[in-house]
Amino acid sequence: DELISMKASYEVFSEKLKQAQFDAEKRSIEIDGLKKDIRNRAELYEKEKAASEEEFSARENAVRDDYKLRISQVSMAKDSLGNELATLRALFEREKNSREDERIRYEASINRKLSEFDRKRDEWHSERKDLLDKFYLTDATRKELAMEIENLEKELKESKKGILKKIFG
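Quick note, the working numbering runs 387 ahead of the 1-based positions in the sequence shown.
Here it is in structure tokens:
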């Protein structure tokens, strides 16, 4: 009797042990699947992070290059306007002693050029502001570009004042 009872206990224990082993294997497979999912997600995260960093770097370089191009264009436009104003000044000096109506006509021409210069300067300022609002730049780059543009605008303003002072006394 006792032997049968022990045998039955052993069979129940063996069955429970087999079930526990089966459950352990099942959990082990689930754990391996979860580990694989975690590795896949980590790899995907690293790939997305690298792609984001590359995109950010490319965008920042494009913005920096665009600003350098804009600054170059502003500088060329400044030189061009300076040359135009110098030419106008020379013409005005030559004709200074001619009739009064010719002098008034030249003054109007200069004023139109100066108005156009002011309009272009406002457009450049607006473009600069739009670009600053549109793209993210580091503070150092933004300050460097802003200082460069301010210096160019100061030079233009000083050139304009000097020419007007020489023309109109």
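Don't be surprised by glycine CBs; every beta carbon is placed ideally from N, CA and C.
Range of the contiguous alpha helix (DSSP H) that encloses residue i
{"i": "residue 424", "result": "389 to 482"}
Sequence-distant residues of its chain with Cβ nearer than 7 Å to residue i (five each side left out)
{"i": "residue 536", "result": "458, 461 and 515"}
{"i": "residue 542", "result": "465"}
{"i": "residue 540", "result": "508"}
{"i": "residue 391", "result": "none"}
Contacting residues, own chain, Cβ-Cβ under 8 Å from residue i (five flanking each side not counted)
{"i": "residue 493", "result": "475, 478, 479 and 482"}
{"i": "residue 426", "result": "none"}
Own chain, CB closer than 6 Å to residue i, minus 5 neighbours either side, in chain order
{"i": "residue 452", "result": "none"}
{"i": "residue 497", "result": "475"}
Whole-Å CB distance - residue i paired with residue j, under 8 Å assumed
{"i": "residue 500", "j": "residue 472", "result": "7 Å"}
{"i": "residue 454", "j": "residue 532", "result": "5 Å"}
{"i": "residue 504", "j": "residue 468", "result": "5 Å"}
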